[in-house]
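Number of protein chains: 4
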Amino acid sequence: MLSFASDYIEGAHPKILERLAETNFEVQPGYGDDAYCASAREKIRAACACPGAEVFFLAGGTQTNRTVISAYLADTEGVLSPVTGHVNGHEGGAIESSGHKVLCLPSHDGKYDIGELRRYLEDFYADREGYPHMVQPGMIYVTHPTEYGTLYTLNELEELRGVADDYDLPLFLDGARLGYALATPGTDVTLPDLARLADVFYIGGTKVGALLGEAVVFPKKAPKHFFTHMKQNGAVLAKGRVLGIQFDALFTDGLYTEIARHAVKEAQKIRDCLARCGYETAVPSPSNQVFVVLTPEQEEKLARDVVSTFWEKRPDGKRVIRLCTSWATRPEATERLCRILADLAE
Amino acid sequence: MLSFASDYIEGAHPKILERLAETNFEVQPGYGDDAYCASAREKIRAACACPGAEVFFLAGGTQTNRTVISAYLADTEGVLSPVTGHVNGHEGGAIESSGHKVLCLPSHDGKYDIGELRRYLEDFYADREGYPHMVQPGMIYVTHPTEYGTLYTLNELEELRGVADDYDLPLFLDGARLGYALATPGTDVTLPDLARLADVFYIGGTKVGALLGEAVVFPKKAPKHFFTHMKQNGAVLAKGRVLGIQFDALFTDGLYTEIARHAVKEAQKIRDCLARCGYETAVPSPSNQVFVVLTPEQEEKLARDVVSTFWEKRPDGKRVIRLCTSWATRPEATERLCRILADLAE
Amino acid sequence: MLSFASDYIEGAHPKILERLAETNFEVQPGYGDDAYCASAREKIRAACACPGAEVFFLAGGTQTNRTVISAYLADTEGVLSPVTGHVNGHEGGAIESSGHKVLCLPSHDGKYDIGELRRYLEDFYADREGYPHMVQPGMIYVTHPTEYGTLYTLNELEELRGVADDYDLPLFLDGARLGYALATPGTDVTLPDLARLADVFYIGGTKVGALLGEAVVFPKKAPKHFFTHMKQNGAVLAKGRVLGIQFDALFTDGLYTEIARHAVKEAQKIRDCLARCGYETAVPSPSNQVFVVLTPEQEEKLARDVVSTFWEKRPDGKRVIRLCTSWATRPEATERLCRILADLAE
Amino acid sequence: MLSFASDYIEGAHPKILERLAETNFEVQPGYGDDAYCASAREKIRAACACPGAEVFFLAGGTQTNRTVISAYLADTEGVLSPVTGHVNGHEGGAIESSGHKVLCLPSHDGKYDIGELRRYLEDFYADREGYPHMVQPGMIYVTHPTEYGTLYTLNELEELRGVADDYDLPLFLDGARLGYALATPGTDVTLPDLARLADVFYIGGTKVGALLGEAVVFPKKAPKHFFTHMKQNGAVLAKGRVLGIQFDALFTDGLYTEIARHAVKEAQKIRDCLARCGYETAVPSPSNQVFVVLTPEQEEKLARDVVSTFWEKRPDGKRVIRLCTSWATRPEATERLCRILADLAE
């Protein structure tokens, strides 16, 4: 049985496990004060070309979104997100549970229409009598790649920064799968760009080869007492080294990039096959997630050999299925998947 | 340099790392639905002699306390704790941040005086006009071993259960260091006792040999939608296998007990040495934490060779210092520590 | 200058002020334990034909929505509402600030399409793998009249009850303007119907002739410790008599109905005039709110003589304006408004 | 039957009701934008000699404490209070429900020992490794008069200000009964002093002659979006005039002072009688609350003729009883109470 269900169905890249084993007996202070967290922070600052960045390590994406967003927002503020944003649907109400509304805008394959976002803000503040009765926008949340695997261009991110500046809103980029965005051929967005444009972003580990872990980067300055915010949200590991060692490995000898490139390359093979065979793709995703439209019969047949993820039902009865690659996707597996898809298409 | 600073300053017991490596390439579903979580659950149920228990795996203690407590309490309820309880001081306000007051009772070396607890509840409900204006007690929180390393007897836990029954309060036992309690010579408390007496308790992994992880056991029934409570609190790992594999290893061939017994034995050697040398201990802790009273001069000298944890200042100017053992404490290190302590005492 | 800006721009119906003055020197216990709250509760129970109802008095609508909703919902649950529901937009994030998501459905002139609501719930629970990662629906919130002055029929409320029963969801009816709904000619919904169909509803005072106050009715049973929920939300007045006396007056000799009937009659005169003059109305509201579509020039001219409320801008550049009546609307004022509107239409 | 149970057992001072009636038919905007709120704000600014103060009107004390405290505190911060502070015990967990811990210090007849407070803060920040794991002090809360009727001297308030400055903490003075403090003979604290020393304080209306209402004064600047904070906490009345008219009346021709002076004078008569008769008072309260120690037999006898409030049980079995005066306390009633107390003492 093949599985292209997700990028979190295997363990960690072997180099990460190796480093965990090599360092296992060393005595290190707890709570992120260890030498490996320190080293990983330095390497991340270098990769971001941002020597003054503050870097923190958390365990997972929902935890990170919740902690970062609530650390920034005043009680009366909410976070802007496309309606498909992870914070809006699949985090069990983490944002609301920390007291904040998710202010939803339309989603265009997972992305904002930036003009639409700007008009929303203009209209909001134009209603001078009304808006003090309403939740104020307090942050722009953006995923990159989005939940649909799509990417912003550098120009779009600069426009988002412009909106953020005009309305004095912090710009937060959820990079749970950031590696894949950076490794997609043709993207013009780099880590230093993010460090220049975002107030805070994170470099996802869990879905890019680590056992667990997200590296949160504040290029300028973290909110006051951010460590305590983490603690309060249950986001501090006593053995903080577990995260430090992994990110230190990921940012040594380009491992993070290598993992992501491999996965995107395998995904591209799947896309090429789908195009050749005349499949419809639901979303023009160029990164490590592929969204293909199948008939229920095709879905059923595929399921005999391949584990995939059901994404959504279309009004015409067809089914959107996600296929996802990772560090562990073997080229032979991709080839076999492509053969199966080709057979199904006939 | 020796370190007895804590039980989370090394990595994981080697058998755990081995199992992570062995299973690394296997495809497993995410979010705790993997085969290792399933296997670990079964082994924990067996160890608790409680085949119907529901078991969940979370990453750390504060996260677990926050998630469990808020899943049980109604908005108007608070959690009872000795004033020294971990939830009251060292969790960055996690409980309050989820909306609940910690209702503090006096601490007796970290423990409740159970008669005092009962009187508190009697007095609370006796004030019929006043109490509807106040936070209602909604849960009894108890640590075992306590923050001071002390233990409840089986009889005391049964009395706590009696209070819980009389006031219809769930009894929650924080076992961040539970292994050490169960492995302390002379204790009459077993895992099946806890499964019989507590509504919910957890078996600490982070501080008992794992990289991270706590196994929460609901002997009867978990609160409705507990998984969603976890998700909302950022306590679900995408690669849930990371926790499942570790607890599976810990509950295979008695590893959990072996780790804890070793640490308690080494701690006992330190206590024996302290007694021989005439040191005062601040608390009669029998588990893996030792609290010794030093003069500032002794503390300073000790610090040249040994990392310990400063605990608290006493009114007489003396200093309470914690020395802590773990799976990784080598007998030779303990011996050297004892020699240093003996020298200091002269 | 005439004002039809809202139903809260004058003080209270004179009979209410009279009763406040008559009872002013009486000694009464605080916090809602006074004789007037008791009497008002009895009269409300009688009006609802529900002798076992529990009745509480709060100060305002947002406070009531917040307190009731958070008293019912578990941490992982959200409240269903049409997107135009008051809880979703104009309460400053009160629901989210108490930890809960507002789960929005499309609005049809302020109302649910009940088939749509049912399908939403079906689809939600059909996604068995997904929904535990999402906020669970925990309550159906419905306004009557809606924010657009529209009404549900008895049949529709019975269908809503059916959905509520099928999914075991409490049904909460926000009646901030309930009087006007009950007093609208042609409605087939009565207070006893609400007591039969809703788990909780409130009878708005602030907008129906009182200085302030909402009477919350739980026909079967209030959530445990509801008084403490009120206290915690700052919704308990020390001089609870202030609310009891007002509701006692409102439910004496049919004053509540009389106030509402008067306002609806005056609003109907405005609607008749608008129809005669060929104005477009934005929403078919039959109660005390009238939503008329004006050109910007008409709006400007109207504003010379009449205070109204700007409601929303239409894509065609026209403006929706709300005109609202109350206990204090004098028939001569309505007549003058109609003459002005007739002049504007020419 | 006499009642000295509290200062909220009668309605409002007659002049307030008069003004509500006189203004009843006037059209005024809602939500605090009316002419009476504006006028009351001006009069309060004048009384505080603080022309730049921002003034808001809320309905009650718990609501005000909750709204003000949560508007100031970051998520990781708590509020300092003597353990007897109203926010700590009798607000149903309002502070915790908004996410914040009440950080308790010992109470000395309801007051801080300011040296103790300073040492607490010194010790807190001295524990450099520990405090980031703990709730940070974010505000100093002080009641004046305290829950025990005691008062701070001007010198003490200046010392509190000094601590606030040294630790950059806002100083919040809960003045639910402020009038009585200002009207107590011998006090050297005035409204302009409070405006100079506090970052925010409130002038209680509910317990000083109004039907309901508290005037919150920010001498320098309110927290951003304070109106939205109020809205979110259910603390905005649609008919905001109800509060504006009352405070306008209270600050016209010295009514607020007159009400408070009268009550304190009557309370002083009771204290004089108690002293003459040899009663023990539990607390040296000089304002409108008197705390007398009675035997259970005396309490029982007193209860035949007088309603009082049971305060607390003493270890010696005696009972502390509160007697409280208000604007409505008639001198003849005080005289009769004194005769009864004199009889009881024999």
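Residue numbers (numbering that gives the first Met the number 0), protein chains in the order written: chain F, 0 to 345; chain A, 0 to 345; chain E, 0 to 345; chain B, 0 to 345. Even for Gly, the Cβ is constructed at its ideal location relative to N, Cα and C.
When the Cα atoms are used, K230 of chain B and P136 of chain A turn out to be separated by approximately 29 Å. Between L193 of chain A and C47 of chain A, the C-beta spacing is below 9 Å. DSSP places R313 of chain E outside both helix and strand once states are collapsed to three, so it counts as coil.
In the pairwise beta carbon analysis, the segment 188-203 of chain E is classified as touching the segment 160-176 of chain E: at least three pairs are separated by under 8 Å. Here R127 of chain F carries a coil assignment [DSSP, helix/strand/coil]. The residues Y179, A182, T183, S286 and N287, in chain order, have a CB closer than 7 Å to that of V263 of chain E in the same chain once the five nearest residues on each side in sequence are set aside.
When CB distances to chain B are screened at a threshold of 7 Å, not a single residue of the segment 291-312 of chain A falls below it. Against L16 of chain F, the close residues of chain A are L16, L19, A20 and N23, in the order they occur along the chain (beta-carbon pairs closer than 9 Å). Excluding five sequence positions before and after K110 of chain F, the CB atoms of its chain that fall closer than 7 Å to its own CB belong to P81, T145, T149 and Y151, given in chain order. Proximity to E76 of chain E across E:D342, E:H99 and E:K317 peaks at E:H99, based on C-alpha coordinates. Here the alpha carbon of V162 of chain B sits roughly 11 Å from the alpha carbon of E115 of chain B.
Counting along the chain, G203 of chain A sits inside the beta strand (DSSP E) bounded by residues V199 to G203. Under the DSSP assignment, F24 of chain A falls outside any beta strand (DSSP E); it carries neither an H nor an E label. Taking a contact as a CB-CB distance under 8 Å, the pair C276 of chain E and A341 of chain E counts as one, their CB atoms being some 5 Å apart. Of all alpha-carbon atoms in A:F290, A:L242, A:F217 and A:C49, the one lying nearest the alpha-carbon of R18 of chain A is that of A:L242. At least one beta carbon of chain E lies nearer than 9 Å to the beta carbon of M229 of chain B. For D173 of chain B, there is no enclosing alpha helix (DSSP H); the enclosing beta strand (DSSP E) covers residues L170 to D173. Beta-bridge pairing by DSSP links M138 of chain F to F:V78. Per DSSP, reduced to three states, the secondary structure at V86 of chain F is helical. Under the three-state reduction of DSSP, L293 of chain E is assigned to strand. Taking 9 Å as the threshold, the shortest C-beta distance from S97 of chain B to chain A falls below it.
When the Cα atoms are used, W326 of chain B and K206 of chain B turn out to be separated by approximately 9 Å. C-alpha of R260 of chain F to C-alpha of A58 of chain F: approximately 23 Å in a straight line.
Taking 9 Å as the cut-off, the beta carbon of C323 of chain A is found closer than this to the beta carbon of A4 of chain A. Under the three-state reduction of DSSP output, F3 of chain F falls in the coil class, being neither helix nor strand. A93 of chain A is not a Cβ neighbour of P222 of chain A, given a cutoff of 9 Å. For G88 of chain F, at least one C-beta of chain E is nearer than 9 Å to its own C-beta.
Listed along the chain, the chain F residues whose CB falls inside 8 Å of the CB of P131 of chain B are H224, F226, T227 and K230. E9 of chain F sits buried, since 16 or more C-beta atoms from the chains shown fall within 10 Å of its C-beta. Between L336 of chain A and I269 of chain A, the beta carbon gap of about 6 Å places them in contact (Cβ cut-off 8 Å). Rounded to the nearest whole angstrom, the C-alpha separation of L104 of chain F and T227 of chain E is 37 Å.
R65 of chain E is positioned such that its CB atom lies closer than 9 Å to that of G233 of chain B. Rounded to the nearest whole angstrom, the CA to CA distance from P191 of chain F to R176 of chain F is 17 Å. Taking 9 Å as the CB threshold, V282 of chain F stays off the interface with chain E. Excluding five sequence positions before and after A281 of chain F, the CB atoms of its chain that fall closer than 6 Å to its own CB belong to F290, V292 and V319, given in chain order. Linking D126 of chain B to E311 of chain A through their CA atoms gives a straight-line distance of about 10 Å.
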